[in-house]
Amino acid sequence: MFIQEILDIVPKKRGFHLITGQVTDALHGIGTWKAGMCQVFIQHTSASLTLNENADPTVRMDFETYFNKSVPENDPDYRHDYEGADDMPAHIKSSLLGASVLIPIRNGRLALGTWQGIYLCEHRDRGGSRRVVVTAWGA
Amino acid sequence: MFIQEILDIVPKKRGFHLITGQVTDALHGIGTWKAGMCQVFIQHTSASLTLNENADPTVRMDFETYFNKSVPENDPDYRHDYEGADDMPAHIKSSLLGASVLIPIRNGRLALGTWQGIYLCEHRDRGGSRRVVVTAWGA
Amino acid sequence: MFIQEILDIVPKKRGFHLITGQVTDALHGIGTWKAGMCQVFIQHTSASLTLNENADPTVRMDFETYFNKSVPENDPDYRHDYEGADDMPAHIKSSLLGASVLIPIRNGRLALGTWQGIYLCEHRDRGGSRRVVVTAWGA
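Residue numbers (this note's numbering), protein chains in the order written: chain A, 183 to 321; chain B, 183 to 321; chain C, 183 to 321.
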């Protein structure tokens, strides 16, 4: 039994954004499943998805601070910089964090921990709209 | 066909710990599956899971060394430090490594490589007990 | 409905290599699936898999540049260096990027974004042949 929905996420500014609500809204029909899985997948190479703290917005600000220091812009050794200083760093951050998260379903809902939320990580200054594929399967 | 088990892992000291045995012990019933998948998911934002070398304990020590250098404590730019110097770095390490691992099942067992083991990565000084959801599906 | 194939990838030089074609060639039989998932899993701890830009080879070169700077060789604090300067850094890079990618299937094919390709990330100077398990399930 599969459910699959496409979410077009409106453009967000560079940084880390909670999208847990948009994902759970797409999961009609899992309420009767005893066990299952849900994957959230982003179809881009300069944005990413991760799970992290869902309450304090300063965590998401500190993520932006950390990744900007850890993956510097304007490294003179980069060869790929056609689209600007944020181009190659965005690709690298995207692979460090990953293009998908996979969350178990238990007793009809996502089995997230109390403090876990789904982050859409926008690594470009002007990334535009982002397409996310939500797929769930279970029984 | 789904199997789902909750594992409550006793508190571990900060560092990288093998839990492969505890996961395989939870997988009764996959012995007859020709193919399938097993996800191991941690319901926390300051600990993580990864696959790496299962034999030499110095690899796990060097992981701790590397991640402590790569994700520094006490960066004056962090805003989120309510719970101490290890708070924000633990969140970042958790997203760099990820909250889950996904392992294929083949001929009734986990299709891990010879040297692959499952690490529970404890990023807090006193993380306490950690809850892990093991889900397997196959046929 | 499960499909599972083993791919033995011929030795590749250290760096980032596109293997999207080899994966899709292994996916006979998904053409009639409305929805599903495909996991690509590498059975090693010194190589990894990720999704990133599939067109410009300079992106893959810059990945190698970035990861070599970010995970230095010959750190005097490493304890595990039996197999040479590239040994411990290869293990760390492997966990930063991850041992698997998971891609949704939609309308009979991988639902990759326009620019997404599958990278095999070879972190050893002489990693040899690499074994990859491709598993797909759907309906």
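All C-beta atoms, glycine included, are put in the ideal place defined by N, C-alpha and C.
Across the structure, T214/B and D268/C are spaced so that their CA atoms are roughly 40 Å apart.
DSSP, reduced to helix, strand and coil, places G320/A within a strand of the structure shown. The beta-carbon distance between I185/A and G203/A, rounded to whole angstroms, is 17 Å. This is too long to meet the 8 Å contact definition. Within the DSSP bridge table, the entry for M183/C names no partner. Look at H199/A here: in three-state DSSP terms it is strand. Residue pairing of I224/C in beta bridges, as defined by DSSP: V314/C. Our two residues, L200/C and R242/C, have alpha carbons roughly 9 Å apart in a direct line.
Between A321/A and A208/A, the CB-CB gap reaches or exceeds 8 Å.
In the three-state reduction of the DSSP assignment, I300/C falls in the strand class, which pools E and B.
Taking 8 Å as the upper bound on Cβ-Cβ separation, chain A lies near residues A281, S282, L284 of the region 281–312 of chain B. Apart from the 5 residues on each side of it in sequence, E235/A sits with its Cβ closer than 6 Å to the Cβ of V241, W297 in its chain, given in chain order. With fewer than 16 other Cβ atoms inside 10 Å of its own Cβ, M183/B counts as exposed. Chain-ordered, the chain B residues with CB closer than 8 Å to the CB of V315/C read P286, R288, A293. Counting along the chain, the unbroken alpha helix (DSSP H) around P271/A starts and ends at 269–279. T247/C: member of the alpha helix (DSSP H) spanning 239–252, first to last residue. Per DSSP, the continuous beta strand (DSSP E) segment holding N234/B begins and ends at 229–235. Here S311/A is exposed. Its C-beta has fewer than 16 other C-beta atoms within 10 Å.
One alpha carbon belongs to R313/B, the other to H273/B, and they sit about 16 Å apart. Approximately 6 Å separates the beta-carbon atoms of L284/B and M219/B; this is inside 8 Å, confirming the contact.
Annotation for V283/A: the continuous beta strand (DSSP E) segment containing it runs 282–288. Taking the Cβ atoms as the reference, D238/C lies roughly 6 Å from H262/A, within the contact range of under 8 Å. Burial is judged here by how many other beta carbons sit within 10 angstroms of a residue's own beta carbon; R308/A has fewer than 16 and is exposed. DSSP, reduced to helix, strand and coil, places D307/C outside both helices and strands of the structure shown, so it counts as coil. Here the alpha carbon of M270/B sits roughly 16 Å from the alpha carbon of G299/A. Contact annotation: V316/C and V205/C have beta-carbon atoms nearer than 8 Å. What H262/B touches in chain A, judged by beta-carbon distance under 7 Å, is D238, T240, V241, D244, going in chain order. Ranked by how close their Cα comes to the Cα of A293/C, the residues T247/A, P258/A, Q225/A, F249/A have Q225/A in first place.
Here the alpha carbon of L233/B sits roughly 15 Å from the alpha carbon of K275/B. A distance below 7 Å between beta-carbons, with the five flanking residues on each side excluded, links I287/B to the following residues of its chain, in chain order: I212, W215, A217, G218, M219, C220, A293, A318, G320. Nearest to E187/C by C-alpha distance, out of N289/B, D244/B, D259/B, is N289/B. Interface residue (Cβ-Cβ distance to chain B less than 8 Å): D259/C is classified as such.
Within chain B, no C-beta atom comes nearer than 8 Å to that of L233/C; the closest sits roughly 14 Å away. Pairing L189/C with C303/C gives a Cβ-Cβ distance that is not under 8 Å. Take K194/B, set aside five residues on each side of it, and the residues of its chain with a beta-carbon closer than 8 Å to its own are L302, E304, G309, R312, in chain order.
Under the Cβ distance rule, T247/A does not count among the residues neighbouring chain C, no pair being separated by less than 8 Å. Under the three-state reduction of DSSP, D207/C is assigned to helix.
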